[in-house]
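K.L.:
When we follow our numbering, the leftmost residue of the sequence shown carries the number 86, and every step to the right adds one. Sharing a structure here in structure tokens format.
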Amino acid sequence: MISFGLVSIPIRLYPAAQERDVSFHQVRRSDGARVRYRRVAATDGEEVAYADIAKGYELPDGEMVVLTDDDFTNLPLTTSRSINVLGFVPLEQVDPIYFAKSYYLEPDRTGLKPYVLLRDALAGSGRVALVKIALRQREQLATLRVRDDVFVLETMLWPDEVREPEFDVLDEQVDVRPQELAMASSLIDTLAADFDPTKFRDGYREALQAVIDAKIAGRDVVAPPSEQPGVDAAGDLMAALRASIEVARTGRDGQSSGSAQAAPAEAGSARAGAGSARAGARKGQPSRSRKEKADTAADEVVSSRPTRRSA
Numbered sequence: 086m087i088s089f090g091l092v093s094i095p096i097r098l099y100p101a102a103q104e105r106d107v108s109f110h111q112v113r114r115s116d117g118a119r120v121r122y123r124r125v126a127a128t129d130g131e132e133v134a135y136a137d138i139a140k141g142y143e144l145p146d147g148e149m150v151v152l153t154d155d156d157f158t159n160l161p162l163t164t165s166r167s168i169n170v171l172g173f174v175p176l177e178q179v180d181p182i183y184f185a186k187s188y189y190l191e192p193d194r195t196g197l198k199p200y201v202l203l204r205d206a207l208a209g210s211g212r213v214a215l216v217k218i219a220l221r222q223r224e225q226l227a228t229l230r231v232r233d234d235v236f237v238l239e240t241m242l243w244p245d246e247v248r249e250p251e252f253d254v255l256d257e258q259v260d261v262r263p264q265e266l267a268m269a270s271s272l273i274d275t276l277a278a279d280f281d282p283t284k285f286r287d288g289y290r291e292a293l294q295a296v297i298d299a300k301i302a303g304r305d306v307v308a309p310p311s312e313q314p315g316v317d318a319a320g321d322l323m324a325a326l327r328a329s330i331e332v333a334r335t336g337r338d339g340q341s342s343g344s345a346q347a348a349p350a351e352a353g354s355a356r357a358g359a360g361s362a363r364a365g366a367r368k369g370q371p372s373r374s375r376k377e378k379a380d381t382a383a384d385e386v387v388s389s390r391p392t393r394r395s396a
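Encoded structure:
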């Protein structure tokens, strides 16, 4: 139930996503027999019935605090069985790192009108509702937003659950040349596009399913083609960026695959890589009307490129 001021909206909660990963059982290699596990006590090895299992909190000295179901039942979960709206905030102020899991909210027929009222008002506000909810005996912060005329609840991590990045290597001084930055910006412009999730596929899962299907059919398994080698991190950064731009242009404009396959290999050395990449760019460069900004930046960088130095 959504509690919005004095308005209560009865709803049902449904997971908004499902993982498509291929699942496996642990089996004995010789005959495929399922391997099962027993719950046994570490002290005497005796099997423990599920009804006799409780949750234990281990103290620093190794002693255990045993919690029963009654201990959890008596906890003061004030948001139990309800979604309490705490306020409304701009979506851009919520860092995506906080998001955990998505749920669809279906209205009960008796609550359809207040559901539609809050949905339309929220959609027109440009904000999301910040709410608190109890799921699986755990209080969670969440956001409520509108997607395809349906409320979507996004559960969130608490601030103290998000780790602070501590990477000492980033404290080191790194000199980035203007030419390198301009080339990287040109690559971003070349690959710029609207987000369309239907264009992407889980290649690993598809290949794994093909292996399984081949075993079922008794056919030989064909190894997938190897990926093209990437540039060495210690190699020429400018040549790698230039070659990457050429590959991106070739893939986007539907040009011949020869230059696309040659570009990654050219990134290995500075002279051969940069020279071949420039030649490929002259052959397959798109019209200025489509890529004028990206092309101009890339050509200016190449023409002003200094003598090769180790990156």
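Backbone N, C-alpha and C define an ideal beta-carbon position, used for all residues, glycine too. Everything numeric in this text was worked out from a predicted model, so none of it was measured.
Where does residue 89 land, buried or exposed, given buried means 16+ other C-beta within 10 angstroms?
P.N.:
Residue 89 sits at position 4 when you count from the first residue of the sequence shown. Buried.
K.L.:
If you follow the alpha helix (DSSP H) that residue 268 is in, where does it begin and where does it stop?
P.N.:
Stepping through the sequence shown from its first residue, residue 268 is reached at position 183. Segment 263 to 276, the alpha helix (DSSP H) holding residue 268.
K.L.:
Alpha carbon to alpha carbon, how far is residue 168 from residue 210? Give it in angstroms, no decimals.
P.N.:
Counted from its first residue, the sequence shown places residue 210 at position 125. Counted from its first residue, the sequence shown places residue 168 at position 83. C-alpha separation (whole angstroms): 20 angstroms.
K.L.:
Taking all protein chains shown into account, decide if residue 356 is buried (16 or more other Cβ within 10 angstroms of its Cβ) or exposed.
P.N.:
Translated into positions along the sequence shown, residue 356 becomes position 271. Bear in mind that a pLDDT of 40 at residue 356, under 50, signals an unreliable position, so the number given afterwards is only what the model happens to contain. By the 10 Å Cβ count, residue 356 comes out exposed.
K.L.:
Could you tell me which uninterrupted alpha helix (DSSP H) segments, each at least 4 residues in length, are contained entirely in the region 150 to 178, listed from first to last along the chain?
P.N.:
If we require 4 residues or more, the alpha helix (DSSP H) runs fully inside the region 150 to 178 come out as 154 to 158.
K.L.:
CB-CB under 6 angstroms to residue 240, same chain, minus the five flanking residues each way: which ones, in chain order?
P.N.:
Here residue 240 is taken as the residue at index 155 of the sequence shown, counted from 1. Correct list, in chain order: 185, 186, 225 and 227.
K.L.:
Report the start-end ranges of each beta strand (DSSP E) in the region 196 to 232 that is 3 residues or longer and not cut off at the edges.
P.N.:
You should have 212 to 220 and 223 to 232.
K.L.:
Can you name, in chain order, every residue of its own chain whose Cβ lies under 6 angstroms from the Cβ of residue 200, other than the five neighbours on each side?
P.N.:
Within the sequence shown, the letter at position 115 stands for residue 200. Within the same chain, residue 200 has close Cβ partners 94 and 192.
K.L.:
Does DSSP put residue 393 in a helix, in a strand, or in coil?
P.N.:
Within the sequence shown, numbered from 1, the residue matching residue 393 stands at position 308. Caution is warranted here: a pLDDT of 38 is assigned to residue 393, below 50, making its placement in the model unreliable, and no coordinate value can be reported.
K.L.:
Rounding to the nearest angstrom, what Cα-Cα distance links residue 183 and residue 336 in this structure?
P.N.:
Here residue 183 is taken as the residue at index 98 of the sequence shown, counted from 1. Here residue 336 is taken as the residue at index 251 of the sequence shown, counted from 1. Taking the straight line joining both Cα atoms gives about 35 angstroms.
K.L.:
Report the residue from 223, 214 and 129 whose alpha carbon sits nearest the alpha carbon of residue 177.
P.N.:
In the sequence shown, residue 177 corresponds to position 92, counting from 1. Ranking the options by Cα distance to residue 177, first place goes to 214.
K.L.:
Considering only DSSP beta bridges, list what residue 88 is partnered with.
P.N.:
Looking up residue 88 in the sequence shown gives position 3. Per DSSP, 93 and 169.
K.L.:
Where do the ends of the beta strand (DSSP E) carrying residue 235 lie?
P.N.:
Counted from its first residue, the sequence shown places residue 235 at position 150. Note, residue 235: beta strand (DSSP E), 235 to 241.
K.L.:
What does the alpha-carbon distance come out to for the pair residue 174 and residue 205?
P.N.:
Translated into the one-based positions of the sequence shown, residue 174 becomes position 89. Translated into the one-based positions of the sequence shown, residue 205 becomes position 120. If you take the alpha carbons of residue 174 and residue 205, they lie about 16 angstroms apart.
K.L.:
Would you tell me roughly how many angstroms separate the C-alpha atoms of residue 121 and residue 260, rounded to the nearest one?
P.N.:
By one-based count along the sequence shown, residue 121 stands at place 36. By one-based count along the sequence shown, residue 260 stands at place 175. Spanning the two alpha carbons is a distance of roughly 56 angstroms.
K.L.:
With contact counted as at least three CB pairs below 8 angstroms, one residue from each stretch, are the region 107 to 120 and the region 215 to 222 in contact?
P.N.:
Contact between the region 107 to 120 and the region 215 to 222 is absent, because fewer than three Cβ pairs lie under 8 angstroms.
K.L.:
Report the CB separation of residue 144 from residue 150 in whole angstroms; it is logged as a contact under 8 angstroms.
P.N.:
Locating residue 144 in the sequence shown gives position 59, counting from the first residue. Locating residue 150 in the sequence shown gives position 65, counting from the first residue. Right, the Cβ-Cβ distance comes to about 7 angstroms (below 8 angstroms), so this counts as a contact.
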